[in-house]
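This report refers to the structure that appears directly beneath it.
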Amino acid sequence: LAGISVLAVDDNDVNRLVLADMLEQEGAQVECLPGGAETLARLEAGGAQAFDIVLTDIQMPGMDGMQAARQLRKNDSQVQIIFVTGAEEYVYDAFDVDALNYLVKPVDDEKLEAVLRKAEERIQKLQADNAGRASITVTNGKVHTRVYLDDIVYAEVFNRKIVIHTTTDDIEYYGKMSE
Numbered sequence: 049l050a051g052i053s054v055l056a057v058d059d060n061d062v063n064r065l066v067l068a069d070m071l072e073q074e075g076a077q078v079e080c081l082p083g084g085a086e087t088l089a090r091l092e093a094g095g096a097q098a099f100d101i102v103l104t105d106i107q108m109p110g111m112d113g114m115q116a117a118r119q120l121r122k123n124d125s126q127v128q129i130i131f132v133t134g135a136e137e138y139v140y141d142a143f144d145v146d147a148l149n150y151l152v153k154p155v156d157d158e159k160l161e162a163v164l165r166k167a168e169e170r171i172q173k174l175q176a177d178n179a180g181r182a183s184i185t186v187t188n189g190k191v192h193t194r195v196y197l198d199d200i201v202y203a204e205v206f207n208r209k210i211v212i213h214t215t216t217d218d219i220e221y222y223g224k225m226s227e
């Protein structure tokens, strides 16, 4: 996992520490947060594409991990989302955010390592596929979103609101087309 940036989100301090230790031993750059609201605030501050992998619990006070994953997916179609939770009942919701995997606690170390290797392979493939692709960065408030030019179908302007229609999503922001 050398060179891979991972965000570990769990409201349990011990779980965060165990995950961080294991990921750092594998060479990942790890940041830990205690909940969904903190995750979204961090992503707004650092850009939606700040992390390659997000490992998140679901059941947390305030904004849960599933709500945070939905927001994250809106701004980053390539991040690898892995749920690590004690709640089995949300497994089907994970498909809605295109999660890589859904692990139920207690997690077997070998299973977690296999899932992380799969995430690493996907990241490497995405990086290779995106190499040389021209892109722009769209800023909406504090959220920065990379848009590849060849994914843009068309753009339209309503007063100062610009809507970029891509092959997978519509991205709205305020600005001028000349920017």
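For what it's worth, this note's numbering labels the leading residue of the sequence shown as 49, then goes sequentially.
Backbone N, C-alpha and C define an ideal beta-carbon position, used for all residues, glycine too.
| Taking Cβ positions, are residue 121 and residue 129 nearer each other than 9 angstroms? | yes
| By a C-beta neighbour count over all protein chains shown, 10 Å radius and 16 as the cutoff for buried, is residue 157 buried or exposed? | exposed
| field | Member of 149, 143 and 177 whose CA lies at the smallest distance from the CA of residue 164 | value | Nearest of 149, 143 and 177 to residue 164, Cα basis: 149.
| field | residue 63, enclosing alpha helix (DSSP H) - first and last residue | value | 61-73
| message | Let's see if you can read the secondary structure: which residues bound the alpha helix (DSSP H) around residue 212? | response | No alpha helix (DSSP H) contains residue 212, which is instead part of the beta strand (DSSP E) from 209-214.
| Option nearest residue 176 by Cα separation, candidates 57, 63 and 126 | When only C-alpha atoms are compared, the closest one is 126.
| Using the beta-carbon count (16 or more within 10 Å), is residue 184 buried or exposed? | Residue 184 comes out exposed.
| query | By Cβ distance, which residues of its chain are closer than 7 angstroms to residue 78, with the 5 residues on each side in sequence left out? | reply | 54, 56, 68, 71 and 72
| request: Tell me residue 53's beta-bridge partners as DSSP assigns them. | output: 77
| request: With DSSP collapsed to three states, give me the class of residue 148. | output: Secondary structure at residue 148: coil, using DSSP grouped into helix, strand and coil.
| Close beta carbons around residue 201, own chain, < 7 angstroms, minus the five adjacent residues each side | 213, 214 and 215
| message | Within the continuous beta strand (DSSP E) that includes residue 126, where are the two ends? | response | Segment: none, residue 126 is in no beta strand (DSSP E) and carries neither H nor E.
| Who does residue 221 pair with in a DSSP beta bridge? | Note: residue 221 sits in a beta bridge opposite 210.
| Status (buried if at least 16 other CB within 10 Å, exposed otherwise) for residue 110 | In the assembly as shown, residue 110 is an exposed residue. Its beta-carbon has fewer than 16 other beta-carbons within 10 Å.
| field | Coarse secondary structure for residue 203, derived from DSSP in three states | value | Note: residue 203 maps to strand in three-state DSSP.
| From 87, 115 and 223, residue whose alpha carbon lies closest to that of residue 209 | 223
| Quick one: Cα of residue 87 to Cα of residue 51, how far? | Spanning the two alpha carbons is a distance of roughly 21 angstroms.
| field | residue 195, DSSP secondary structure in three states | value | Here residue 195 sits in strand by DSSP.
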